[in-house]
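> Residue numbers (this note's numbering), protein chains in the order written: chain A, 1 to 484; chain B, 1001 to 1484.
Virtual Cβ for every residue (Gly too), placed ideally from N, Cα, C.
What follows is a single structure, and I will ask about it in a moment.
Number of protein chains: 2
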Amino acid sequence: MSTTTTPPLYRQLATHYRGAIEAGALQPGTRMPSLRSLMRLHDISLSTALQLCRTLESDGWAEARERSGYFVRRPQRLRMAQMDEPLAGLRPDPAQYVGIHGQVSDFVARRRAAKVKLNLSIARAAPQFYPAEELRAAMTRALRLWPDVVSSVPPLQGDPHFRSVIAQRAVAAGMAIAPDDVLVTNGCIEALNLALRAVAKPGDTIAVESPTFYGLLQVLESLGLRALEIPTSPQTGLSIEALELAVQTYGDIQALVVVPHLQNPLGSVMPDAHKERLVRLCEAQGIALIEDDTYTELLDAEGTPRALKSWDRTGNVLHCASMHKILAPGLRLGWITAGRWQARVEMLKYTQTRNNEILSQLGAGQFMGTGAYDRHLRRLRTALRGQRERTAEAIATYFPEGTRMNLPPGGLQLWVELPEGCSSAVVFDAALQEGIAIAPGWLFSNNARSDRFLRINCGWPYDDGLDTALRRLGTLAGNAIRVG
Amino acid sequence: MSTTTTPPLYRQLATHYRGAIEAGALQPGTRMPSLRSLMRLHDISLSTALQLCRTLESDGWAEARERSGYFVRRPQRLRMAQMDEPLAGLRPDPAQYVGIHGQVSDFVARRRAAKVKLNLSIARAAPQFYPAEELRAAMTRALRLWPDVVSSVPPLQGDPHFRSVIAQRAVAAGMAIAPDDVLVTNGCIEALNLALRAVAKPGDTIAVESPTFYGLLQVLESLGLRALEIPTSPQTGLSIEALELAVQTYGDIQALVVVPHLQNPLGSVMPDAHKERLVRLCEAQGIALIEDDTYTELLDAEGTPRALKSWDRTGNVLHCASMHKILAPGLRLGWITAGRWQARVEMLKYTQTRNNEILSQLGAGQFMGTGAYDRHLRRLRTALRGQRERTAEAIATYFPEGTRMNLPPGGLQLWVELPEGCSSAVVFDAALQEGIAIAPGWLFSNNARSDRFLRINCGWPYDDGLDTALRRLGTLAGNAIRVG
Ligand SMILES: Cc1ncc(COP(=O)(O)O)c(C=O)c1O
Ligand SMILES: Cc1ncc(COP(=O)(O)O)c(C=O)c1O
């Protein structure tokens, strides 16, 4: 994540106006100062004044009315109740094979068959938020500078420069890893496959957060592993007490997979004290700790939080990450640092897919070595924050009474709890018929309660079409309440 | 493979001179006509005359002597005895876990630790034989034309145009597959992983050729599968009788992996009648047939031989292939057509690595859609044939009495049988100390006899350094004979 820098002028001014609105100095419904007076008042250019108004708009503190300028408004998300914490001492479900393969195939097939106009079921920003032009330029340059890119076999571990950039950036998260400890993979998903194959064998039990990323449940099932779901807080992530209980109840947990920052789907962030306790617990219990670090760079806070891996003293943490969500969804740039399983993971990588192609590593390595990368990340985080807030507000406004939601401190998505008696499977079916795709809760857990939840992507720019779709989703959710 | 076209003029002339030498009209040791007289005699340009002489030289029918021009010579490979056929009715070894992981790691580690000056242990042509410039130009163009290459997620199955080129070219091999039947993978190795994971589960028995590609043995072991080695002829490939016997002896063979054309390491090519019988046998016995089609395009013969898949009526054949050896060793362009396991293979691909990056598909697809691709393949085959013949000749000349070898009709390598009492493991160690890497026989089979064999890459241009290295290898092989 970025080192601390002064935000641009329009951002500073936006914070000022937001304060004025929160303090009541500017009332909802009143007209904002005109562009002209903003220019005069703050001695700024037209384009800065415009950026200021657009920022207020995308954050939900102003709205544009045709031909009459910007009007003050007040986001309404505060109306909505927060979700429950998981029950302390909750007994985990017995370890089970996942049985999610068929469900996911069915989900994918139905989504593919439908005419989806608005896909809110993914976890990704819109293409325009990624620095496509710069990366293409960097890759074009690399094609010119490295004539052997297509005709020679690159190193199994990946491009040395790319790996050194990764190792450098890891310092900010408290990790001390050498470039040679980094193995480039086809996305984080291959890293997770390799990590699990390295530490476990078919039939073993793997603890996971509940709810969790359905891709992980698929991986477990396809490898013949059992998933043991550990209750997880929408605020502070994995419950360490619940994990301790699970260890006492089922002694044979081989590994644990955790997303400590901006967990998918919850958006939770583990406090440092929890992270350290977790690392020590896994160490003591001989549970391999697989850290999925896909989303950290999307955290709003300044400064990079410490990775689990930063507390690792024994090589028990396997750290996995990827550029997929933060830099380039079209590239398959992931990596793994596998602690004491490094050699085994390298051999499995060789056996499974050989080396990665190298061009995207050359391009991304070049781009990431410049200030442009941090500037891109700041822009992306700002855009996502605005979109998350607008989406949260729309859900608070349009969804039925009793809907609950937390506003995560970063990332791409919102996790929404529907009122008692409401099934996200029903909402999914109804919405898909109208061309809107959402991710129903049963994708994220085998737990029956998961049907009350759904996940909404906040990667699209907020506009009228999106607003209308969210309103419609609210109506469909209302219709889906079974009155017992 | 190419459709029949007239070979270029210098090739026609080379064939003419080769005939003259074989007929004795030109005697070894005599001077070839000078470039000037060749130009006059055949009414050709200087560059054609030069190409003619270089072709004769690289095929072993002439040698350049400094400042005195080209001299006629005669390849000596005919001296060498052919290898034995596998014994008919040979009883296969009982199915076993492979136990090759450690061996291969050890091999790789030792090769990496040594200062390798000449790597003859790979199966790949030198970089200059691949159309790097054209492919880089095509990829640069694609970066310009497809602005979304890095910012959007491409289809899971791969680029539609690339897949349609693959489907089109499959017609020549007798396969009728739609572009949608083609799933792009990270090389043939991922295709093989997916095929095996789709048809078998840990503990199952998979029949393989003996000897076979060590990468396959690694894959089997890493997936917890048992390898059952089936005797294979250096001429006609897998012994169907031996497979039938294995089926009778061990009823439970889940799948068979076969390289029908230019088998690695043997270089054998299955006759059509064998292929058809094999497809029918597997169909009748419920054995999934995994076809590895990595090398077909490197066959010298005009016209493409039929794929096993072309006889498939029930979706029982999973066809895997790749561009790695024939177009671009730096790219990871493989694919699979999985018959009735297509949906399962697609889901496993999604779970294991998601979609491939798309740029190399765009570039390769463009290049393969032009005549330049067939011209490249012809040039590559010609170069490889010359290098194989020169290498074979050197082995015939330098290796100890009792060495045996077949000359395969195409491809990248020679499989050499050392005399009784000679260990390729000993030769490997001794050669590595001098900076020469070869592939020792024990990489290719668990059978104890395999230590008598070694595999030599013919992908490097033949020059004095290579000649010296082969002579040295011959000496080391002689030293390695244990006089019992
Ligand atoms: C938590 C988590 N891990 C891993 C992945 C997959 O990442 P990649 O595309 O890099 O394979 C995702 C994508 O949705 C994810 O949410
Ligand atoms: C028979 C065979 N299959 C598959 C492969 C691997 O191919 P790829 O590099 O396309 O994964 C090789 C490479 O050595 C091979 O010899």
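Is it true that the CB of residue 1436 (chain B) sits closer than 7 Å to the CB of residue 1216 (chain B)?
Contact flag unset, no.
> Would you say residue 186 (chain A) reaches chain B, if we count a Cβ-Cβ gap shorter than 7 Å as a contact?
At least one chain B Cβ lies under 7 Å of residue 186 (chain A).
> Could you have a look at residue 1292 (chain B) and say whether DSSP puts it in helix, strand or coil?
Of the three classes helix, strand and coil, the one that applies to residue 1292 (chain B) here is strand, per DSSP.
> Consult DSSP for residue 188 (chain A) and reduce its assignment to one of helix, strand or coil.
Helix.
> Classify residue 1078 (chain B) as helix, strand or coil using the three-state DSSP reduction.
Note that residue 1078 (chain B) scores 49 on pLDDT, short of 50, meaning its location in the model is unreliable and no value can be drawn from it.
> Report the neighbours of residue 1219 (chain B) on chain A: residues whose CB is nearer than 9 Å to its CB, in chain order.
Going along chain A in sequence order, the residues near residue 1219 (chain B) (Cβ under 9 Å) are 351, 352.
> For chain B, check one thing: does any of its Cβ atoms lie closer than 7 Å to the Cβ of residue 194 (chain A)?
Not an interface residue.
> Consider the Cβ of residue 1136 (chain B): report whether some Cβ of chain A lies at a distance smaller than 7 Å.
With 7 Å as the cut-off, residue 1136 (chain B) counts as an interface residue toward chain A.
> For residue 1349 (chain B), count the other beta carbons within 10 Å of its own beta carbon; 16 or more makes it buried, fewer makes it exposed. Which is it?
Residue 1349 (chain B) is buried by the Cβ-count criterion.
> Quick one: which chain B residues come within Cβ less than 7 Å of residue 140 (chain A)?
Going along chain B in sequence order, the residues near residue 140 (chain A) (Cβ under 7 Å) are 1140, 1143.
> Quick check on the burial criterion: 16 or more other C-beta atoms within 10 angstroms. Buried or exposed for residue 1317 (chain B)?
So residue 1317 (chain B) counts as buried.
> I need the residues with a C-beta less than 6 Å from some heavy atom of ligand 2; please give them in chain order.
So the residues near ligand 2 by this Cβ test are A:354, B:1123, B:1187, B:1188, B:1189, B:1213, B:1215, B:1259, B:1264, B:1292, B:1294, B:1322, B:1324, B:1334.
> With 16 as the cutoff for other CB atoms within 10 Å, does residue 962 (chain B) come out buried or exposed?
No information on residue 962 (chain B) is available, as it lies outside the stretch 1001 to 1484 that chain B covers here.
> What would DSSP say about residue 355 (chain A), mapped onto helix, strand or coil?
Looking at residue 355 (chain A) - three-state DSSP - the assignment turns out to be coil, as it is neither helix nor strand.
> Any chance you could list the beta strand (DSSP E) runs of at least 3 consecutive residues sitting entirely within the stretch 328-402 of chain A, in chain order?
Those beta strand (DSSP E) runs which fall completely within the stretch 328-402 of chain A and span 3+ residues are 333-337.
> Within the stretch 1399-1428 of chain B, note down every full beta strand (DSSP E) run reaching 3 residues or more, in order along the chain.
Runs found: 1413-1417.
> Report the neighbours of residue 1347 (chain B) on chain A: residues whose CB is nearer than 9 Å to its CB, in chain order.
Near residue 1347 (chain B) (Cβ distances below 9 Å), the residues of chain A are 101, 104, 105, 108, 218, 222.
> Residue 1015 (chain B) to residue 1415 (chain B), Cα distance in whole Å?
Spanning the two alpha carbons is a distance of roughly 27 Å.
> Taking the alpha carbon of residue 343 (chain A) as the reference point, which residue from A:181, A:363, A:374, A:467 has its own alpha carbon closest?
Comparing Cα positions, the closest option is A:181.
> Thinking residue 174 (chain A) and residue 299 (chain A) are a contact (beta carbons under 8 Å), I'd like their distance in whole angstroms, please.
About 15 Å; that fails the 8 Å criterion.
> Between which two residues does the alpha helix (DSSP H) harbouring residue 1010 (chain B) extend?
Here the alpha helix (DSSP H) through residue 1010 (chain B) covers 1009-1022.
> What is the C-beta distance between residue 417 (chain A) and residue 404 (chain A), in whole angstroms, given that I count them as a contact (C-beta under 8 Å)?
With a Cβ gap of about 4 Å, residue 417 (chain A) and residue 404 (chain A) count as contacting.
> Would you say residue 148 (chain A) lies against chain B (beta-carbon separation less than 7 Å)?
Closer than 7 Å to some Cβ of chain B, the Cβ of residue 148 (chain A) qualifies, so yes.
> Among B:1380, B:1331, B:1338, whose alpha-carbon lies nearest the alpha-carbon of residue 1310 (chain B)?
When each option's Cα is compared against that of residue 1310 (chain B), the closest is B:1338.
> What are the boundary residues of the alpha helix (DSSP H) that residue 163 (chain A) is part of?
Looking at the DSSP string, the run of the alpha helix (DSSP H) that includes residue 163 (chain A) is 160-170.
> Under 6 Å Cβ to Cβ from residue 1164 (chain B), same chain only, skipping five residues before and after it: list those, please.
Closer than 6 Å at Cβ, skipping near neighbours: 1179.
> Touching or not, the stretch 1141-1149 of chain B and the stretch 130-146 of chain A, by the rule of three or more beta carbon pairs under 8 Å?
At 8 Å Cβ cutoff, the stretches touch.
> Measuring only between beta-carbons, confirm whether residue 211 (chain A) sits less than 7 Å from chain B.
Output row for residue 211 (chain A): interface = no.
> Do the stretch 420-431 of chain A and the stretch 470-478 of chain A touch if we need at least three Cβ pairs shorter than 8 Å?
Yes, they touch.
> What first and last residue would you give for the beta strand (DSSP E) that runs through residue 70 (chain A)?
69-72 is the extent of the beta strand (DSSP E) around residue 70 (chain A).
> Roughly how far, in whole angstroms, is the beta-carbon of residue 1250 (chain B) from the beta-carbon of residue 1205 (chain B), given that I think they are within contact range, below 8 Å?
Their Cβ separation, rounded to whole angstroms, is 6 Å, which keeps residue 1250 (chain B) and residue 1205 (chain B) in contact under 8 Å.
> Rounded to whole angstroms, what's the CA-CA distance from residue 424 (chain A) to residue 443 (chain A)? Just pull it up for me.
Their Cα atoms are separated by approximately 10 Å.
> Counting only the same chain and skipping the five closest in sequence on each side, list residues whose C-beta sits under 8 Å from that of residue 451 (chain A).
Correct list, in chain order: 423, 424, 425, 440, 441, 442.
> Just list the residues that DSSP pairs residue 1455 (chain B) with in beta bridges.
BP columns for residue 1455 (chain B) point to B:1415, B:1439.
> For residue 1134 (chain B), which three-state DSSP category applies?
It is helical.
> Please classify residue 463 (chain A) as buried or exposed, where buried requires at least 16 other C-beta atoms within 10 Å of its C-beta.
The residue is exposed, with fewer than 16 neighbouring Cβ atoms inside 10 Å.
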